[in-house]
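In terms of the working numbering, the sequence shown opens at residue -8 and continues consecutively.
Where a beta carbon is used, it is the ideal one built from N, C-alpha and C, also for glycine.
Since the model is a prediction, treat every value here as computed from it, not as a measurement.
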Amino acid sequence: SAPADTWSRKYGDCKDKSTLFVAILRELGVPAFPALVNSDLRRSIADKLPSPHAFNHVITKVVLEDQTYWLDPTRPQQYGPLDEVYQSRFGNALVIAPESTSLEVVEPIKIAEQKILTEYFVSGDSTNPVEMHIHSEYGGGEAERVRYDLASRGLADLSDGYLNFYKRYFPGITRKQPPSFQDDKLTGKIAATEQYSIEKFWETNSAGR
């Protein structure tokens, strides 16, 4: 589709979105090109014979200040500095540019998947419920995954999923309040806070201790 058509209707497939993305970047003076990839074969596509059916996805090659970025406009939950935006490992790509004569190796910037989990328990004595507090910090592709879960499942369903996960380890657990999420789109990071109460946390031995 023409970039103006995609912009007007507010949706499109990978080809439409990449074409629009390239048009916007070029208007800003940033070199950008559509790049054909295969999300299944990835790097091994170089071992296949040329075929009109060789590719099943389109991303975008962007060159900014001598740095190459391989960006996917179909990933709507990406925020933060460009150097920290998750880039898929597609292996090889056919860049749609006048000078392209062969596949180009896709080498995204290496970004560590960021997930920091802190758990602590508060216990008064062995007869009362124990409180469990969890603080999680996500960045890169992990933050993108959390945003996608919130958008697709909603807070209530996601909260139930968390609770059911912990019930496998603590059958007597209840939720004190729904999880809260703080999404910092300037840094691209998300923080989550969870609070639970656990009945019968302690087990007594044969001596009743």
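Where Asp57 falls: helix, strand or coil (DSSP): coil
Does the segment 44 to 53 come within contact of the segment 84 to 97, defined as at least 3 CB pairs closer than 8 Å? yes
By DSSP's criteria, Phe203 is part of a beta bridge. Which residues make up the other side? The structure shown has nothing for residue 203, since the chain only spans -8 to 200.
Coil, strand or helix - Ala147 by DSSP: helix
Reducing DSSP to helix, strand and coil, say where Ala26 ends up. strand
Can you have a look at Glu56 and say buried or exposed, based on whether 16 or more other CB atoms are within 10 angstroms of its CB? exposed
Residue range of the beta strand (DSSP E) that includes Val86: 83 to 86
C-alpha distance - Ser117 paired with Phe161, whole-angstrom precision: 15 Å
Beta strand (DSSP E) segment containing Phe112, residue limits: 105 to 113
Three-pair Cβ contact test at 8 Å for the segment 110 to 128 versus the segment 177 to 191: yes
Helix, strand or coil for Leu62, going by three-state DSSP, please let me know. strand
Considering only C-alpha positions, which residue in the set Ser171, Lys176, Thr195 is nearest to Pro67? Lys176
What residues in its chain sit with their C-beta under 6 Å from that of Leu154, if we drop five residues either side in the sequence? Arg166
Between the Cα of Phe192 and the Cα atoms of Pro170, Glu135, Val113, which residue gives the shortest distance? Val113
DSSP has Val96 in a bridge; who is on the other side? Asn83
To the nearest angstrom, how far is the alpha carbon of Gly179 from that of Gln168? 25 Å
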